[in-house]
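The structure under discussion appears below in the form of structure tokens.
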Amino acid sequence: MQLPEELDLISVFGSIAKRKDETEPFYYDTSTFVLENDKELLEITFSPFYNEFTLIVKDRETKETVSYFELLSVRKLEIMELGRERVEKSANLCRNDEYV
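Residue numbering for the sequence shown follows our numbering, starting at 472 and increasing by one per position.
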């Protein structure tokens, strides 16, 4: 999987990833970024070596999973626009009843 540099991902998500095995290089490890807004908790997990990407959206209060998105054959991940606000706006759009 072609992936942005780890520092670019940290910049977009506004946090450092939780790594499964910190002794492994980023590309061979599984990393999870966690984002929160007023209503949701987002968990974004990358396994670049295995070409896997997972997005889990949970209700912030109940921790109930509202959306689960798993891709098992990802070739490339690009950052289209930097900024945490953009990610949060996108997450809120997905919660709109028209898209659920």
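For each residue, glycine too, the CB sits at the ideal point set by N, CA and C.
At least three beta-carbon pairs within less than 8 angstroms, the region 523-530 to the region 501-513: Below 8 angstroms, enough C-beta pairs join the region 523-530 and the region 501-513 to call them touching: three or more.
CA-to-CA distance, LYS510 to ILE527, given in whole angstroms: Position 56 of the sequence shown, counted from the start, is the residue given in the question as residue 527. Position 39 of the sequence shown, counted from the start, is the residue given in the question as residue 510. Answer to the nearest angstrom: the Cα atoms are 14 angstroms apart.
Are there 16 or more other CB atoms within 10 angstroms of the CB of ILE515, so buried, or fewer, so exposed? Taking the first residue of the sequence shown as 1, we reach residue 515 at position 44. Buried, because 16 or more other Cβ atoms sit within 10 Å of the Cβ of ILE515.
Length-filtered (4 minimum) alpha helix (DSSP H) runs lying within the region 518-550: none
Flag this pair as yes or no: are the beta carbons of LEU506 and PHE484 separated by less than 8 angstroms? Within the sequence shown, numbered from 1, the residue matching residue 506 stands at position 35. Within the sequence shown, numbered from 1, the residue matching residue 484 stands at position 13. Yes. Within cutoff.
Expressed to the nearest angstrom, what Euclidean distance is found between the alpha-carbon atoms of ARG490 and THR533? Here residue 490 is taken as the residue at index 19 of the sequence shown, counted from 1. Here residue 533 is taken as the residue at index 62 of the sequence shown, counted from 1. The alpha-carbon atoms of ARG490 and THR533 are separated by roughly 25 angstroms.
Measure the C-alpha to C-alpha separation of MET472 and ARG531 and round it to an integer number of angstroms. As a working mapping, residue 472 is identified with position 1 in the sequence shown. As a working mapping, residue 531 is identified with position 60 in the sequence shown. Computed Cα separation, rounded: 30 angstroms.
Excluding five sequence neighbours on each side, which residues of the same chain lie with their C-beta closer than 7 angstroms to the C-beta of ILE487? For the purposes of this step, residue 487 is taken as the residue at position 16 of the sequence shown. The answer, listed in chain order, is ILE481.
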